[in-house]
Structures are given as C-alpha cells and as structure tokens.
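Report on one structure; see the data block that follows.
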Amino acid sequence: MSIPVPHSPLPLGGRHIVLGLSGGIACYKSAELVRELQRAGASVQVVMTEAACRFITPVTMQALSGQSVVTDQWDAREPNNMAHINLSRGADAILVAPASADFIAKLCQGRADEVLSLLCLARPVGACPLLLAPAMNREMWEHPATRRNIAQAVADGATVFGPGSGDQACGEVGDGRMLEATEIRDELIAFFQPKLLAGRRVLITAGPTFEAIDPVRGITNLSSGKMGFAIARAAQEAGAEVTLVAGPVHLATPRHVQRIDVQSAQQMHDAVLPLAAAHDVFVATAAVADWRPASAAGEKIKKDGSGAAPALRFSENPDILAAVARLPDRPYCVGFAAESHDLARHAREKRLRKNVPLLVGNLGPATFGRDDNSLLLVDADGERGLPPADKLSLARELVREIAARLRAPLVSA
Ligand code: C5P
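Under the numbering used here, residues 33 to 445 are what the sequence shown spells out, in order.
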C-alpha cells in the first residue's frame, strides 16, 4: 500500500484519523492521545463502543476532539445513516486504542454487531489501514486465544502497536499495558513514513566521546548527540534495523533502535568495527575526540602546592569512519564534518580523505546542542544544501538521500 505524505511541517499534518475506543481502563490514556495526535497535526474522529463509554465519557472525547463522538450504529445524525461507511472512507487510518482482547477477537471473526467493529469490517482494506494498540491484563495477553487472535489480526492486515510492559491497573506486572499516548503517536508517525530502508541494516555513531584524564576528570566536547539520534529514529521509521552506538548523552533511545553505550573513542571503535560489515549503511555522526590522554591516572590527580600544572601527554585515537571505510566489505559510509568556517571546502576535502561516498557538512558552533540545523551534502556528483530545519526533518531528508544512493549503482567513492 502506498501512502503519500501530505506536505505539512507537522508530522501528521493533513491526516485524518478515526480513533476507536473499546472497553478498558486504558481509555483514560486515549483522552491524552487525542491531544497528542492533534498537536502532531491530525484531525481526530472518535468512535466508542458501549464498553468504552463505561470507562470514559463521550462528552470528554467530544470536547477534546472537537467533533461529535460516534457511539451507535443507528446514529440518525448521518444523512444516509451509514456512519460505518462514511467514517472509514475519509480516514487515513483507523486506530483502535485501547483494543481490548474481546474487541480483537471480534475483529478476527469478522463480527460487526456494534459501530466500531462494523466500521473496521467495512473499511476499504487497501486504502484505510487498521492499527491496534492492545490493552489488557498480562494473563489475557499471554492466553493462547489472544496469541491466536493477534496473529490472525496481523494476517488479516492489521498493524499492532505494542503493547507495553510494566505495572497494570489490576496490580499485576507484565506485558499487556497500552503504550503511552506519546508512544502511540510516534508509532503512528513512523507508520506513515515511506519504508525506503526496508530490509536494510543501519549502524550509527552519535554524541561526543569522553577521554578520561583520571577517575573524575576527562576531555569531551559539546556534541549533544541530537543529530545522530534523529538519524537513528528516521532510519528506523524508514523500515531499517538500526544499531546506535552512543557516547555519553542524555537522550532517550528512539523506539525499536538497539543502543550500545560507550564512553571513549577506543570503546566506540571497538563496538563499531565488529558490527560494521554486517550493516548496509554506516553513518558516523559522533564527534569523536582525535586525541586521548596517553595514560589515564588511576587516582585523582592532586595539586601538589607547587603551582605547577600536571603535564598531559596525548595519544591519537583510531579514526572509526576511516577504519570502516577501509573494510573490504564495507557498508555505504556517510561521514559528518562539523566545521567553524569554509564548510564546503572542508567537507569536500574530508570526503576524499576519509574515502567515503557521502559527507555531510554542518557548522559545529551553530548546531551543537540545538534542535535545528542545516546540512551540506557532498558526494562525487557535487553538493546539495538542506536549508535550516529541525533535526528530525533533516534526518528524514538525509535518509531519503541515502536510500536513493543505495538504489543507484555505486560508481566510485
Ligand atoms: O576528522 P574529523 O573528526 O573532522 O572527521 C569527522 C568525521 O569522522 C565524522 O563522521 C566523525 O564521526 C568521524 N570520526 C571518526 N573517528 C574519529 C574521528 C572522526 O569516526 N576518530
């Protein structure tokens, strides 16, 4: 199914979502979900089963969504009295959150005895995806009947978001919690991204490195890791299996991304090199320290009262990108250059020096720690600037550029 992305700066801009609620305590999260979907640009039409109305009122959902809630298949407000047809024809997706065990069982049997299941059955399968965010007790989730039903729902074309794991309303702990509203929002945003890297494996370095001087001090830099984390998220949204090797940063791991935390350049090198050849793409966004103290002191270096500063000697760190680019079965390598001036010239030179097909330049002082950036893409054919935007938008654009180059035959570095 090809889902065109409407042109909007908001990730769900132009999307119309039918949000279905079946019965479960997780209905309280659906109120927040309406808000999150709207903030992301979507318009939301809420449909509720009778059981859902026991947990949260249609009044609440109407006030939040700004649209009358549909609770009855016999709703005479619809001029043709066919809410189940009208609602699904205009929708970009039907998202059922929470999807109870009972509701999923009904879907699998093709039953349609109330408005939400009727709507799901009546949707045009090729044009209106069905997305389920299950919510139930862990025993219900693990039950063979539910396992069967979930497998059947997926075989029938549904996509399942989650469930999450953790504390449950019943007091038990385990799998079956509905994802949080922000997680469902992000799953939905990812769902609509074109799967340009489906089946590809992408390895990314991000953040600064930390080179120890002694047990309490070290040398690092101002890289926040935001650009690399955004690329990891964008690549995952595009269908890739993503491994992210991160220096010391305080950022949440993008959903479904495998993260390996390291401190020093040597550790980053040792984590990356054994993995590199098994990946299709390597994106080196990390701001790796070129030098490290030749030997880190085992104990904190103390002032000796003489006023003399300790003499630090340095050793050169391995160049991770250049080492990956030298591998005989190397992945498609993308380097970054953080410069303070003469960006295009430095980026061109760095691309040749590192022997990589694509080098992405940005101005270090202007981007470190910020949410926005602008990029200059340099390859054998020339240069292309990506104008200022938030890092996630730029990351998605970069992913498109990388995917296009993967499809094209590689002529030379
Ligand atoms: O040489 P320079 O540090 O300017 O090159 C930047 C590019 O090389 C970035 O892609 C960075 O992640 C990568 N790099 C590396 N290992 C190093 C130094 C830089 O992978 N030791």
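Note that beta-carbon positions come from the ideal geometry of N, C-alpha and C, so glycine has one too. None of these values were measured; they are calculated from a predicted model.
Scanning Glu215, Gln200, Arg324 for the CA closest to the CA of Gly208 turns up Gln200. By the neighbour-count criterion, in which a residue is buried when 16 or more other Cβ atoms sit within 10 angstroms of its Cβ, His373 is exposed. The beta-carbon separation of Val304 and Val277, rounded to 6 Å, stays under the 8 Å limit for a contact.
Look at the beta carbons and you see the stretch 77–89 not touching the stretch 231–242: under three pairs across the two are nearer than 8 Å. In the displayed model, Ile88 falls within coil according to three-state DSSP, outside both helix and strand. When the Cα atoms are used, Val410 and Ala267 turn out to be separated by approximately 20 Å. Counting the other CB atoms within 10 Å of its CB gives His301 a total of 16 or more, which places it among the buried residues. Selection Gln77, Ile117, Phe368 evaluated against Met259 yields Phe368 as nearest (Cα-Cα). Here Lys138 is buried, its C-beta having at least 16 other C-beta atoms within 10 Å.
Straight across, the Cα-Cα distance linking Arg385 with Arg358 is about 12 Å. By the Cβ neighbour-count rule, Ser347 is exposed, with fewer than 16 other Cβ atoms within 10 Å of its own.
Within the stretch 232–285, complete alpha helix (DSSP H) segments of at least 4 residues are found at 258–269, given in chain order.
Per DSSP, the continuous beta strand (DSSP E) segment holding Pro420 begins and ends at 414–422. Placement of the Cβ of Asn394 at a distance of 7 Å or more from every heavy atom of ligand 1 is found. Residue pairing by DSSP places Phe368 opposite Val392 in a beta bridge. Contact between the stretch 261–275 and the stretch 216–234 is established, with three or more Cβ pairs separated by less than 8 Å. Asn387 has its alpha-carbon roughly 11 Å from the corresponding atom of Ala412. Not one heavy atom of ligand 1 falls within 7 Å of the beta-carbon of Ala230. Going by DSSP, Ile216 is part of the alpha helix (DSSP H) stretching over 213–224. DSSP, read as helix, strand or coil, puts Phe193 in coil.
Within 7 Å of the C-beta of Phe368 there is at least one heavy atom belonging to ligand 1.
Residue Ser149 holds the alpha-carbon nearest to the alpha-carbon of Leu53 among Pro419, Ser149, Asp188.
Under the three-state reduction of DSSP output, Asp104 falls in the coil class, being neither helix nor strand. When the five nearest sequence neighbours on each side are left out, the beta carbons in the same chain lying within less than 8 Å of the beta carbon of Leu65 are those of Leu51, Ala129, Ala213, Ile216, Arg217, in order along the chain. Judged by pairs of C-beta atoms under 8 Å, the stretch 187–203 touches the stretch 158–174, as three or more such pairs exist. Contact annotation: the stretch 398–410 does not touch the stretch 325–336, with fewer than three C-beta pairs closer than 8 Å. Under DSSP, Ala167 forms no beta bridge with any residue.
Listed as beta-bridge partners of Leu51 by DSSP are Val78, Leu127. Between ligand 1 and the CB of Val289, the shortest heavy atom gap is not smaller than 7 Å.
Sequence-distant Cβ neighbours of Gln105 in its own chain, meaning closer than 8 Å and more than five residues away, are Ala115, His116, Glu146, Val147, Leu150.
Proximity of the beta carbon of Thr81 to ligand 1 is not indicated: no heavy atom of the ligand is located closer than 7 Å. As computed with DSSP, Pro325 is found in a beta bridge with Phe346.
In the structure shown, Asp134 falls within a helical segment according to DSSP collapsed to helix, strand and coil.
When only Cα atoms are considered, Arg170 and Asp422 end up about 39 Å apart.
With respect to the C-alpha of Arg155, the residue from Ser120, Ala436, Phe242, Gly393 having the closest C-alpha is Ser120. As DSSP reads the structure, Gln290 sits in a beta bridge with Thr275.
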